[in-house]
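Everything on this sheet refers to the single structure shown next.
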Amino acid sequence: MKNFIDTLNKAFESRIRLGIMSILMVNEQVDFTMLKELLQITDGNIASHISGLEKLGYVSVTKQFVGKKPNTSYAVTTTGKDAFTMHLQALEQLIQSKK
Amino acid sequence: MSQEKEHLQAIQDIKTMMERSTRFSSISGKAGIVVGILAVIVFAGIKWFNVTSVASLFVVMVGTLILALSIGLYLSIAKAKKEGAAIFDTTAKRFLVQFFIPLIVGGILCLIFAYHGDYTYIPSIMLIFYGFALLHASKFSLDTIKNLGYLELIIGLLAAAFTTYGMWFWVIGFGLLHVIYGFIIYTKYEK
Chain A
548 MKNFIDTLNK AFESRIRLGI MSILMVNEQV DFTMLKELLQ ITDGNIASHI SGLEKLGYVS
608 VTKQFVGKKP NTSYAVTTTG KDAFTMHLQA LEQLIQSKK
Chain B
10 MSQEKEHLQA IQDIKTMMER STRFSSISGK AGIVVGILAV IVFAGIKWFN VTSVASLFVV
70 MVGTLILALS IGLYLSIAKA KKEGAAIFDT TAKRFLVQFF IPLIVGGILC LIFAYHGDYT
130 YIPSIMLIFY GFALLHASKF SLDTIKNLGY LELIIGLLAA AFTTYGMWFW VIGFGLLHVI
190 YGFIIYTKYE K
């Protein structure tokens with residue numbers, strides 16, 4: 548049992564991070580506003596979780612200007628994809644092992 | 010045990026986020042029913058007044074299409090607003106772009122045929138391109154509309170094979186099927 552729990556990635560423990568990763572997995576690029584609307588949390592909250600994921604190399608951040616407005620968009624990296632897939636598999640195994 | 014619940018909840022969250030960030034789910038079933046009835050009324054009107062000139066038939070059909078799209082869009086937007094879909098913009102935009110690309114191509118093709126004075130295959134083209142539009146956009150919306158897309162394609166091909174009954178296939182494709190699928194969507198997602 549224990550080995551399953553070990554494979555669960557600590558980085559995805561928070562629901563917000565799980566949400567961010569889920570959204571990025573199925574969308575090529577997502578901007579800040581969309582993340583905020585989907586997750587319905589505050590700007591600062593998103594920013595801190597995103598930068599956490601960025602430090603781990605799971606998320607890449609692109610800053611650019613759309614017209615005169617700054618626009619920040621996020622995408623999942625290959626490392627992030629792999630890590631998230633592993634995490635999902637671990638979750639699945641955990642649940643199946645308890646059945 | 011509570012930990013297991015937590016994991017199940019996590020998986021549920023992941024699914025919801027993936028769905029919500031990619032799919033425009035506010036397609037209105039009611040709109041389907043209204044549009045279907047509209048097509049049937051138009052068809053009945055054509056038969057009643059015995060409209061036979063192909064050019065006027067064409068105008069009526071195009072008019073119906075525009076009216077139908079407007080009703081569909083209006084009711085879907087209303088539904089999205091009621092549901093408080095915060096992400097209406099992004100997902101709806103994606104859906105609409107995918108939906109309108111085949112539809113506009115089909116529309117232009119219809120106009121080209123009409124310009125050449127050949128109205129024979131217009132019901133068929135309308136049905137087929139509408140079918141492709143649904144199929145193309147279904148990835149970004151309810152799965153149900155994919156099946157509707159397939160059926161429209163089949164009816165479109167039949168309309169091309171039996172051109173004398175073109176209008177009958179048109180009313181089945183745009184009338185009957187819309188009522189049926191509108192009802193399915195309504196009972197499946199709106200109750």
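Chains as they are written, first to last, in the working numbering: chain A, 548 to 646; chain B, 10 to 200. A virtual CB, placed ideally from N, CA and C, is assigned to each residue, including glycine.
Starting from residue i, trace the alpha helix (DSSP H) both ways and give me its first and last residue.
i: Asn592 (chain A); result: 590–602
i: Ser644 (chain A); result: 625–645
i: Thr73 (chain B); result: 63–91
i: Leu565 (chain A); result: 562–573
i: Val49 (chain B); result: 38–57
To the nearest angstrom, report how far apart residue i and residue j are at their CA atoms.
i: Thr99 (chain B); j: Val106 (chain B); result: 11 Å
i: Ile563 (chain A); j: Phe612 (chain A); result: 26 Å
i: Leu157 (chain B); j: Ile121 (chain B); result: 26 Å
i: Phe141 (chain B); j: Ser644 (chain A); result: 44 Å
i: Leu151 (chain B); j: Gln640 (chain A); result: 30 Å
i: Phe67 (chain B); j: Thr31 (chain B); result: 37 Å
i: Met548 (chain A); j: Glu560 (chain A); result: Because Met548 (chain A) sits at a pLDDT of 48, beneath the cut-off of 50, its placement in the model cannot be relied upon, and the following sentence gives the value as read from the coordinates. Cα to Cα, Met548 (chain A) sits roughly 18 Å from Glu560 (chain A).
i: Arg103 (chain B); j: Phe52 (chain B); result: 32 Å
i: Ile96 (chain B); j: Ile567 (chain A); result: Note on Ile96 (chain B): pLDDT 49, under 50, position unreliable in the model; the coordinate value appears next. Cα to Cα, Ile96 (chain B) sits roughly 15 Å from Ile567 (chain A).
i: Ala170 (chain B); j: Lys616 (chain A); result: 54 Å
i: Ile23 (chain B); j: Thr632 (chain A); result: 12 Å
i: Glu601 (chain A); j: Gly627 (chain A); result: 9 Å
i: Tyr130 (chain B); j: Ser62 (chain B); result: 15 Å
i: Ile588 (chain A); j: Ser595 (chain A); result: 12 Å
i: His145 (chain B); j: Leu84 (chain B); result: 21 Å
i: Leu82 (chain B); j: Lys88 (chain B); result: 10 Å
i: Gly116 (chain B); j: Ala123 (chain B); result: 11 Å
i: Thr172 (chain B); j: Ala64 (chain B); result: 16 Å
i: Ile55 (chain B); j: Phe108 (chain B); result: 28 Å
i: Phe33 (chain B); j: Ile110 (chain B); result: 17 Å
i: Ala630 (chain A); j: Gly591 (chain A); result: 25 Å
i: Leu565 (chain A); j: Tyr621 (chain A); result: 15 Å
i: Tyr174 (chain B); j: Val60 (chain B); result: 15 Å
i: Tyr198 (chain B); j: Gly191 (chain B); result: 10 Å
i: Arg29 (chain B); j: Leu585 (chain A); result: 8 Å
i: Val577 (chain A); j: Tyr195 (chain B); result: 31 Å
i: Met176 (chain B); j: Ala48 (chain B); result: 11 Å
i: Tyr605 (chain A); j: Val573 (chain A); result: 14 Å
i: Val608 (chain A); j: Ile597 (chain A); result: 9 Å
i: Glu161 (chain B); j: Ala558 (chain A); result: 47 Å
i: Gln653 (chain A); j: Leu555 (chain A); result: In this structure chain A extends from 548 to 646, so residue 653 (chain A) is not present and cannot be described.
i: Ser569 (chain A); j: Met27 (chain B); result: 6 Å
i: Val623 (chain A); j: Cys119 (chain B); result: 43 Å
If I follow the unbroken beta strand (DSSP E) through residue i, where does it start and stop?
i: Gln587 (chain A); result: Counting along the chain, Gln587 (chain A) falls outside any beta strand (DSSP E), and DSSP gives it neither H nor E.
i: Ser607 (chain A); result: 606–613
Would you say residue i touches the ligand HEM, meaning its beta carbon is less than 7 Å from a heavy atom?
i: Ala146 (chain B); result: Ligands in the displayed structure: none, and consequently the ligand HEM is not present.
Would you say residue i faces chain E, with C-beta separation under 8 Å as the test?
i: Val573 (chain A); result: Here chain E cannot be found, since the structure's protein chains are A and B.
Ordered list of beta strand (DSSP E) runs contained in the segment 131–198 of chain B, each at least 3 residues = none
key: Where the segment 619–634 of chain A meets chain B: residues whose CB sits under 8 Å from a CB there   = none
inquiry  = Check whether the segment 31–41 of chain B and the segment 579–597 of chain A are in contact - that is, three or more C-beta pairs closer than 8 Å.
reply    = no
query = Taking contact to mean at least 3 C-beta pairs separated by less than 8 Å, is the segment 69–79 of chain B in contact with the segment 44–60 of chain B?
reply = yes
message = By the 7 Å beta-carbon criterion, what residues does the segment 11–24 of chain B contribute toward chain A?
response = Glu13, His16, Leu17, Ala19, Ile20, Asp22, Ile23
ask   = Taking Cβ-Cβ distances below 7 Å as the criterion, which residues of the segment 582–604 of chain A are in contact with chain B?
value = Glu584, Leu585
task = Take every Cβ of the segment 152–170 of chain B, pair it with every Cβ of the segment 17–24 of chain B, and state whether three or more of those distances are shorter than 8 Å.
result = no
task = Flag this pair as touching only if the segment 176–194 of chain B and the segment 132–149 of chain B have three or more C-beta atom pairs under 8 Å; answer yes or no.
result = yes
Chain A contacts made by the segment 99–115 of chain B, where a contact means CB separation under 7 Å = Thr99
key: Residues in the segment 553–570 of chain A having any Cβ partner in chain B nearer than 7 Å   = Arg562, Leu565, Gly566, Ser569, Ile570
inquiry  = Closer than 9 Å between beta carbons: that is the criterion. Which residues of the segment 25–43 of chain B meet it against chain A?
reply    = Thr25, Met26, Met27, Glu28, Arg29, Ser30, Thr31
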